[in-house]
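Student: Sequence lines, in order, name chains P, E and F. Heads up: take any position in the first sequence, counting from 1, add 50, and you land on our numbering. Heads up: take any position in the second sequence, counting from 1, add 11, and you land on our numbering. Heads up: take any position in the third sequence, counting from 1, add 28, and you land on our numbering. Built from N, CA and C at the ideal position, the CB exists for glycine as well. Every value quoted in this text rests on a predicted model; they were computed, and no experiment measured them. Mind having a look at this structure? Questions to follow.
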Amino acid sequence: MKIFKWLFGLIIILAFLVLNFFVLFQGIDFSYKLINVLLFCIVFILIRVVKGPSVADRIVAIDILGVLIIGICALLAIALNRSYYIDIGIAWGLQSFIGAMALAKFLEGRSLDA
Amino acid sequence: MKLENKSRIVVFILSCLVWFLITLKFSLASIVAGLIFSFITALFAGEILIITERKFHLGRVIYTIGYIIKLFWEMLKANFNVAYIVIHPKLPVKPGIVRVKTNLKRDSALTMLANSITLTPGTLTVDIDKEKSILYIHWIDVKSKELEPATRDIGSRFEKLLEEVFE
Amino acid sequence: MHSLALNEIIGYVIICFGIMFDFFGVLGLVRLPDVYNRLQAATKCVTFGSAGILIGVLVYSGFTPTGFKAILCTVFILLTSPVSAHAIAKAAHNSGIKMAQETVVDHYLDDQNEKPKEDK
Numbered sequence: 051m052k053i054f055k056w057l058f059g060l061i062i063i064l065a066f067l068v069l070n071f072f073v074l075f076q077g078i079d080f081s082y083k084l085i086n087v088l089l090f091c092i093v094f095i096l097i098r099v100v101k102g103p104s105v106a107d108r109i110v111a112i113d114i115l116g117v118l119i120i121g122i123c124a125l126l127a128i129a130l131n132r133s134y135y136i137d138i139g140i141a142w143g144l145q146s147f148i149g150a151m152a153l154a155k156f157l158e159g160r161s162l163d164a
Numbered sequence: 012m013k014l015e016n017k018s019r020i021v022v023f024i025l026s027c028l029v030w031f032l033i034t035l036k037f038s039l040a041s042i043v044a045g046l047i048f049s050f051i052t053a054l055f056a057g058e059i060l061i062i063t064e065r066k067f068h069l070g071r072v073i074y075t076i077g078y079i080i081k082l083f084w085e086m087l088k089a090n091f092n093v094a095y096i097v098i099h100p101k102l103p104v105k106p107g108i109v110r111v112k113t114n115l116k117r118d119s120a121l122t123m124l125a126n127s128i129t130l131t132p133g134t135l136t137v138d139i140d141k142e143k144s145i146l147y148i149h150w151i152d153v154k155s156k157e158l159e160p161a162t163r164d165i166g167s168r169f170e171k172l173l174e175e176v177f178e
Numbered sequence: 029m030h031s032l033a034l035n036e037i038i039g040y041v042i043i044c045f046g047i048m049f050d051f052f053g054v055l056g057l058v059r060l061p062d063v064y065n066r067l068q069a070a071t072k073c074v075t076f077g078s079a080g081i082l083i084g085v086l087v088y089s090g091f092t093p094t095g096f097k098a099i100l101c102t103v104f105i106l107l108t109s110p111v112s113a114h115a116i117a118k119a120a121h122n123s124g125i126k127m128a129q130e131t132v133v134d135h136y137l138d139d140q141n142e143k144p145k146e147d148k
């Protein structure tokens, strides 16, 4: 049963990669295709957010989402040739870090001072 | 000179450097704005950078570069390790939380040790007990449950370099 | 499609490596059995992957404002991501989330049971 799930996932991932790089999206810049791969990663994170059996799973997923979005911002900066997208990335990372710390403290059941 | 003012001057120079590097525009307005904002930063948040009086010497710089190279190499190994575990159809994990002993005393050294352990293969710092100087490490593939072999496997990779850099 | 310069090709290669590790980290987030293992895979791989993307952007764009901002952002990620992973792991353990069935040893729980619980 487990091996079938593994094969199913492998087929989905390979199909996505082939469609993304060789079939669809002909004639656009290469960095947009890389951004598509990161957006596909975000779908997996959302699966964990919806499915996660405990609160901590969801907090982990949200924390990881913040770090991925920094990568997307960096790729947008070179795709559109604007340097301020990395500023957006830094600010997003800061917010995500503070949010993760606050959620962790909340999960531990303490106030923010301790 | 007092230590706080020294720290403030260092912060002022660093923030000026960062401002000029990320703007790379040398008009009068840009330079004046950079000086003003660096001054405000140094005034409000300047005294937390340098907190102890220590001599600067060349050996520490060399050890810092060695530490960075070692950290990069361990991170690369860690990533291939995790990629192997994740791709494998049967998920070969054997997790557990073990104790690791450390010799470091200073807060900054302990923090850097914990961060390095988190970024290296298969380990994640869960808690630090400062009085007993014990780190609790979550290990994704437990090879030994006792204190001594775990310390040899996990902690000693970085401890020598960090001792030279921070102590 | 214009022809690429050498630094742009090297930059794209580093970016592709970073995206590959990002993808493995997210796959680990979905596949592994409990919170702590997920945290390990996700933190290591996604931190290294995003740092790789930023280094690739630095190589691609050379010594411009984009490159220096990428250096700043790399240092920021490498410093903050392990800290938040540590905070989440400790909070999850203290709030009593069970570890997976495969777990062989948990010395942290043993040591916490030994000493008397102080009230917070």
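Just how far apart, CA to CA, sit Gly77/E and Phe169/E?
Tutor: Looking at the two C-alpha atoms, the distance is approximately 10 Å.
Student: Could you check the C-alpha separation between Leu130/E and Ile83/F for me, to the nearest Å?
Tutor: Answer to the nearest angstrom: the Cα atoms are 18 Å apart.
Student: Could you name the residues of chain P that Pro100/E contacts, counting a contact when the two beta carbons are closer than 8 Å?
Tutor: Residues of chain P passing the Cβ test: Lys52, Ile53 and Trp56.
Student: Assuming contact is defined by CB atoms lying nearer than 8 Å, are Ser112/F and Ala150/P in contact in what I supplied?
Tutor: For Ser112/F and Ala150/P, yes; Cβs fall inside 8 Å.
Student: Quick check on the burial criterion: 16 or more other C-beta atoms within 10 angstroms. Buried or exposed for Met51/P?
Tutor: Met51/P is exposed by the Cβ-count criterion.
Student: Between which two residues does the beta strand (DSSP E) carrying Ile20/E extend?
Tutor: Here Ile20/E belongs to no beta strand (DSSP E); instead the alpha helix (DSSP H) covers Leu14 to Thr34.
Student: Please give the ranges of any alpha helix (DSSP H) in the stretch 78-131 of chain F, keeping only runs that are unbroken, at least 4 residues long and fully inside the region.
Tutor: Runs found: 93-122.
Student: From Phe91/E to Glu158/P, what does the alpha carbon distance come to, in whole angstroms?
Tutor: Cα to Cα, Phe91/E sits roughly 32 Å from Glu158/P.
Student: Give me, in chain order, the residues of the same chain whose beta-carbon lies closer than 8 Å to that of Ala129/P; leave out the 5 immediate sequence neighbours on both sides.
Tutor: For Ala129/P, where only same-chain residues beyond five positions count, the Cβ hits under 8 Å are Asp79, Ser81, Tyr82 and Ile85.
Student: Using a threshold of 8 Å, state whether the C-beta atoms of Gly116/P and Gly143/P are closer than that.
Tutor: Contact flag set, yes.
Student: Would you please verify whether the beta carbon of Ile42/F is less than 8 Å from any beta carbon of chain P?
Tutor: Judged by the 8 Å Cβ criterion, Ile42/F is not in contact with chain P.
Student: Over the uninterrupted beta strand (DSSP E) stretch that includes Arg117/E, give me the two end residues.
Tutor: Neither: Arg117/E is in no beta strand (DSSP E) and is coded neither H nor E.
Student: From what residue to what residue does the beta strand (DSSP E) around Leu146/E run?
Tutor: Leu146/E -> beta strand (DSSP E) spans Ile145 to Trp150.
Student: For the stretch 114-127 of chain P, which residues have a beta carbon sitting closer than 8 Å to at least one beta carbon of chain F?
Tutor: Under the 8 Å Cβ criterion, the stretch 114-127 of chain P contributes Ile114, Val117, Leu118, Ile120, Gly121, Ala124, Leu125 and Ala127.
Student: Measure the C-alpha to C-alpha separation of Lys148/F and Val103/F and round it to an integer number of angstroms.
Tutor: Below a pLDDT of 50, predicted positions are generally treated as unreliable, and Lys148/F, at 41, falls in that range; the measurement from the model is reported next regardless. Their backbone Cα atoms lie some 35 Å apart in a straight line.
Student: Would Val74/F and Leu88/P qualify as a contact pair, given that the criterion is a beta-carbon distance under 8 Å?
Tutor: For Val74/F and Leu88/P, no; Cβs fall outside 8 Å.
Student: With 7 Å as the C-beta to C-beta threshold (strictly closer), list the residues of the stretch 85-99 of chain P near chain F in chain order.
Tutor: Answer set for the stretch 85-99 of chain P: Val87, Leu88, Cys91, Phe94, Ile95, Ile97 and Arg98.
Student: Taking Ile98/E as part of the alpha helix (DSSP H), name the residues at either end of that continuous run.
Tutor: Its alpha helix (DSSP H) spans residues Leu69 to Ile98.
Student: Considering only residues of the same chain and omitting the five flanking positions on each side of Tyr147/E, which have a CB-CB separation below 7 Å?
Tutor: Excluding sequence neighbours, Tyr147/E sits near Ile108, Arg110, Val137 and Asp138.
Student: Less than 6 Å between C-beta atoms, sequence neighbours within five positions excluded: which residues of the same chain meet that for Arg108/P?
Tutor: Taken in chain order, the residues that qualify are Val99 and Gly102.
Student: CB Met86/E to CB Phe76/F, shorter than 8 Å?
Tutor: It is a contact, given that the beta carbons lie within the stated cut-off.
Student: Cutting at 8 Å between CB atoms, please list the residues of its own chain near Ile43/F, excluding the five before and the five after it.
Tutor: If we look at Ile43/F and ignore the five residues flanking it on each side, its Cβ neighbours are Gly80, Ile81, Gly84, Val85 and Tyr88.
Student: Strictly below 7 Å CB to CB, what residues from chain E border Asn65/F?
Tutor: Simply Val104, Pro106 and Ile151.
Student: Does the beta carbon of Ile140/P sit closer than 8 Å to a beta carbon anywhere in chain F?
Tutor: Interface residue, yes.
Student: Are the beta-carbon atoms belonging to Phe94/P and Val58/F less than 8 Å from one another?
Tutor: Closer than 8 Å, so yes.
Student: Shortest alpha-carbon distance to Leu54/E belongs to which of Ser18/E, Ser38/E and Ile33/E?
Tutor: When each option's Cα is compared against that of Leu54/E, the closest is Ser18/E.
Student: Relative to the C-alpha of Leu67/F, which candidate in Ile38/F, His114/F, Leu137/F and Leu32/F has its C-alpha closest?
Tutor: Checking every option, the nearest Cα to that of Leu67/F belongs to His114/F.
Student: Taking C-beta pairs closer than 8 Å, name the residues in chain E that Lys97/F reaches, listed in chain order.
Tutor: Those within 8 Å of Lys97/F in chain E are Ile33.
Student: For chain F, check one thing: does any of its Cβ atoms lie closer than 8 Å to the Cβ of Val137/E?
Tutor: True, the Cβ-Cβ gap to chain F drops below 8 Å.
Student: By DSSP, does Thr134/E sit in helix, in strand, or in coil?
Tutor: Three-state result, Thr134/E: strand.
Student: Just to make sure I have the definition right: I need the residues of chain F whose C-beta is within less than 7 Å of the C-beta of Ile109/P. Which are they?
Tutor: Ordered by position in chain F, the residues that pass the 7 Å Cβ test against Ile109/P are Ile116.
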